[in-house]
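Read through the structure below, which is laid out as structure tokens, and then see the notes.
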Amino acid sequence: MLNAHTQKLLSYWRRLRGDRLVPRKDEIDPRAIKDHLAFSFLVQRDGEDRYTFRLAGTGLCDLFGQELKGHNFIHYWADEAKSGARTALSRVAHLGVPTVAVCVAETADLKPLRGEMILVPFEGARGEGTMMLGHFQPLEPLARLGGKKLVRIRMTTTAILTGDAHSANEIAFEDKREAKNATHLKVVASR
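According to the numbering used here, the sequence shown is numbered sequentially starting from 3.
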């Protein structure tokens, strides 16, 4: 992972989850992730190819120049990136594993903004389907967009995050991270 915000959100998710495969959506405490809310979003899987924004932070909505609630998350990915986005979303929804993607968001005139996106799974509180908490972390100054709005996202790499309580290397992962102050990712697929 490239940004501390991404790591903090993953650590929060792991604490909520405890010994379960995934935590419940109603366990999310917005105060615990207040530093992440502007660029966070909640997506619900409504069908094979429909992942609907249920909530989206004001910073993210401002980047896209519109309220994202109710829109299909897949719609915001460039045509050639939609397959990778579907794969990442399906992996999070069906396998219950956090996934991180390094991506480039673009304006209509192709001004790029590098970013990092994390998706972590949650169980719906009333059985309404798989929910995902996501966070888009810009890795470059927003001023480089010159006030223009983003229209699409292109994925450059994705990775399933490993080293958690449901794998054999949980203790080694934590010890190594503290000793070397480094993050650990296992790249499963890349583009």
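C-beta atoms are modelled at their ideal positions from N, C-alpha and C, and glycine is treated no differently.
(request) Compute the Euclidean distance between the alpha carbons of H168 and G149, then round it to the nearest angstrom. (result) The count along the sequence shown starts at 1 and reaches residue 168 at position 166. The count along the sequence shown starts at 1 and reaches residue 149 at position 147. With a pLDDT of only 46 at H168, under 50, the local geometry of the prediction cannot be trusted, and the value read off the model is given with reservation. Those two C-alpha atoms are separated by around 43 Å.
(request) Compare the C-alpha of M119 against each of A80, R17, S42, D81 and name the closest. (result) In the sequence shown, the residue the question calls residue 119 occupies position 117. Among A80, R17, S42, D81, the Cα nearest to that of M119 is on S42.
(request) Quick one: measure Cβ to Cβ for R154 and C105, integer angstroms, because I've assumed they're closer than 8 Å. (result) The residue you call residue 154 lines up with position 152 of the sequence shown. The residue you call residue 105 lines up with position 103 of the sequence shown. At roughly 10 Å, the Cβ-Cβ gap does not stay under 8 Å, so R154 and C105 are not in contact.
(message) Which same chain residues end up closer than 7 Å to G59 when comparing Cβ atoms and leaving out the 5 residues on each side of it in sequence?
(response) As a first step, residue 59 is located in the sequence shown; it is residue number 57 there, counting from the start. So the list reads L39, A40, F41, S42, F43, once near-sequence residues are dropped.
(message) Taking the alpha-carbon of R88 as reference, which of F75, L112, G126 has the nearest alpha-carbon?
(response) Translated into the one-based positions of the sequence shown, residue 88 becomes position 86. The option with the nearest alpha carbon to R88 is F75.
(request) Look at Y53 and L4 and say whether their C-beta atoms are less than 8 Å apart. (result) Counting from 1 along the sequence shown, the entry for residue 53 is found at position 51. Counting from 1 along the sequence shown, the entry for residue 4 is found at position 2. No; because the gap between Cβ atoms is not below 8 Å, this pair is not in contact.
(message) I need the straight-line Cα distance from E29 to V94, nearest angstrom please.
(response) The sequence position of residue 29 within the sequence shown is 27, counting from 1. The sequence position of residue 94 within the sequence shown is 92, counting from 1. E29 and V94: Cα-Cα distance of roughly 18 Å.
(request) Buried or exposed for L144, please, with buried defined as at least 16 other CB atoms from any protein chain shown within 10 angstroms of its CB. (result) What you label residue 144 is simply residue 142 of the sequence shown in a count that begins at 1. It counts as exposed.
(request) Pull up the distance between the alpha-carbon of L11 and that of I35, whole angstroms please. (result) For this step, residue 11 is matched to residue 9 along the sequence shown. For this step, residue 35 is matched to residue 33 along the sequence shown. Between L11 and I35, the C-alpha separation is close to 7 Å.
(message) In whole angstroms, give me the CA-to-CA distance for H96 and E125.
(response) Reading the sequence shown from its first residue, position 94 is the one you call residue 96. Reading the sequence shown from its first residue, position 123 is the one you call residue 125. So the alpha carbons of these two residues sit roughly 11 Å apart.
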